[in-house]
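S.K.:
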Amino acid sequence: MPYYRAVGEIPRKRHIVFRKPDGGVYAEELMGEEGFSSDSSLLYHRHLPTAIVGAEPVAEAGDGAAQPNLPLSPRHFRTGDLPAGGDLVTGRRLLAANADVRICLATTGQPSELYRNSMGDETVYVQSGAARFESTYGVIDAVEGDYVVIPTGTIHRWVPRETVTALVIEAAGHVRPPKRYLSANGQLLEHAPYCERDLRGPVEPLVVEGDEAVAPTPVLVRTRGGLTRLTFAHHPFDVVGWDGYLYPYAFNINDFEPVVKKTHAPPTVHQTFEGPGFVVCSFCPRPLDFHPDAVPIPYNHHNVDSDEFMYYVGGDYAARKGSGIDVGSVSLHPAGFTHGPQPGAVEAALGAARTTEMAVMIDTFRPLDLGPAALECEDPGYAWSWAR
1 MPYYRAVGEI PRKRHIVFRK PDGGVYAEEL MGEEGFSSDS SLLYHRHLPT AIVGAEPVAE
61 AGDGAAQPNL PLSPRHFRTG DLPAGGDLVT GRRLLAANAD VRICLATTGQ PSELYRNSMG
121 DETVYVQSGA ARFESTYGVI DAVEGDYVVI PTGTIHRWVP RETVTALVIE AAGHVRPPKR
181 YLSANGQLLE HAPYCERDLR GPVEPLVVEG DEAVAPTPVL VRTRGGLTRL TFAHHPFDVV
241 GWDGYLYPYA FNINDFEPVV KKTHAPPTVH QTFEGPGFVV CSFCPRPLDF HPDAVPIPYN
301 HHNVDSDEFM YYVGGDYAAR KGSGIDVGSV SLHPAGFTHG PQPGAVEAAL GAARTTEMAV
361 MIDTFRPLDL GPAALECEDP GYAWSWAR
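Going by the UniProt record's numbering, the letters in the sequence shown line up with residues 1 to 388, in that order.
(1) Which two residues bound the contiguous beta strand (DSSP E) that contains residue 49?
(2) Near residue 87, which residues of its chain fall below 7 Å by C-beta distance, leaving aside the five closest residues on each side in sequence?
(3) Mapping the DSSP letters down to three states, classify residue 181 as helix, strand or coil.
(4) Quick one: is residue 91 buried, meaning 16 or more other Cβ sit within 10 Å of its Cβ, or exposed?
(5) CA-CA distance, residue 192 and residue 102?
(6) Going straight from the alpha carbon of residue 254 to that of residue 134, what length do you get?
(7) Pairing CB atoms from the stretch 293-306 with CB atoms from the stretch 329-345, are three or more of them under 8 Å?
(8) How about residue 276 and residue 173: are their beta carbons less than 8 Å apart?
(9) Count the C-beta pairs between the stretch 318-333 and the stretch 70-80 that are closer than 8 Å, then say yes if the count reaches three, no if not.
(10) Please list the terminal residues of the continuous beta strand (DSSP E) segment that includes residue 227.
(11) Please list the terminal residues of the continuous alpha helix (DSSP H) segment that includes residue 375.
(12) Which residue's Cα is closest to the Cα of residue 348: 376, 327, 317?
(13) Looking at the structure shown, is residue 301 part of a helix, part of a strand, or coil, going by DSSP?
(14) What residue does the beta strand (DSSP E) around residue 142 start on, and which one ends it?
(15) Can you tell me where the alpha helix (DSSP H) with residue 212 in it begins and where it stops?
(16) Which residue's Cα is closest to the Cα of residue 446: 105, 212, 187?
(17) Going along the chain, which unbroken runs of the beta strand (DSSP E) with 3 or more residues stay wholly within the UniProt domain "Homogentisate 1,2-dioxygenase C-terminal" (278-382)?
Here it is, written out as structure tokens:
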């Protein structure tokens, strides 16, 4: 995270005695990235965060493995056709993956169990609905359009307030604001398309009380070796305070401030986050290019180093008219394929002053394999739509 936050009760200095009202000592937990060499937060627990009383392996319940995009082809997936089920952890349906990132979709109204992903950060985009995100850091009320960024190792659960559809981006490392948006000291700069005021973190501790607080509590933990269900001696939501630069936060896509040029700007101006081997971009409603002869939709392009995964989340897609793309669609344009507007879209767009499109794009720098859920909802005619 680019700035410091303190929540709840903390002592004046780090690593000194911090006493409970009964005279006991709160237990520190340092959550830190890259050993002790990057961002961290210090949490104060009522009970030892190390006290576990059980561990058991858990079989994976997913769709199965992803497969290469062969024959090489642009793809269109109608994710609205995928059935609801499970929760926002166990109900994830795999759309695409490589060694750097897994991209899943989940639709559910069921609360999840406590979960910790120890393989990498997660970014959950709430396409529709609303949910309460509960964690050792506190609560975030997630609503439609929110990206919720969850640091590696955070114990949390999702409690939907209604049926939620979410795109889940599971990174194999850490997700951060792009470096070019940050000062040397980590402040979001004036040219950045959002600022610290747009980021919502927990504002108070979430402390479970009563019998639940002292009962053994299971937590599903993901590591590179697979899934384990650890049973903690006490409920992990016992943090009375914390401070630091590492914590979950939400950013709403409607707070993204698009960059506008005289002629069409490349997708890099829409970048929102970066992860290991991929970037996340937000396409939002905006004035279109204002040169009198501008072509206000994308030109044909071939990104030789990346696959483009585009999740269409709202508005009208002028460049895609005639292709079958609609809200809830995913297009995948792989390296090795030149893509661009559908036939007739350039002529139809001339003179347009605004766009209402909204989309979340993930560009990866290694090829994406196709998940079983994507193949389940694929539009088989999309690849040939430019030849119509």
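In this text, a Cβ means the ideal position worked out from N, Cα and C, and glycines have one as well.
M.R.: Inspection of the coordinates gives the following:
(1) According to the DSSP assignment, residue 49 belongs to no beta strand (DSSP E), since it is labelled neither H nor E.
(2) Result list for residue 87: 108, 110, 111, 112, 158, in chain order.
(3) Helix at residue 181.
(4) With 16 or more neighbouring CB atoms inside 10 Å of its own CB, residue 91 falls in the buried class.
(5) Distance between the alpha carbons of residue 192 and residue 102: 27 Å.
(6) The straight-line gap from Cα to Cα measures roughly 23 Å.
(7) With the cut-off at 8 Å, the stretch 293-306 and the stretch 329-345 touch.
(8) The answer is yes: Cβ separation under 8 Å.
(9) Output reads yes: the stretch 70-80 touches the stretch 318-333.
(10) Counting along the chain, the beta strand (DSSP E) containing residue 227 begins and ends at 226-232.
(11) From DSSP, the alpha helix (DSSP H) with residue 375 extends over 372-376.
(12) Out of 376, 327, 317, 317 has the C-alpha closest to the C-alpha of residue 348.
(13) Here DSSP, grouped into helix, strand and coil, assigns residue 301 to strand.
(14) In the DSSP annotation of this structure, the continuous segment of the beta strand (DSSP E) that includes residue 142 starts and ends at 138-142.
(15) Element bounds for residue 212: 211-214.
(16) Outside the modelled stretch of the chain, which goes from 1 to 388, sits residue 446, for which no answer is possible.
(17) DSSP assignment within the UniProt domain "Homogentisate 1,2-dioxygenase C-terminal" (278-382) yields the following whole beta strand (DSSP E) runs of 3 residues or more, N-terminal first: 278-283, 307-314, 329-333, 358-364.
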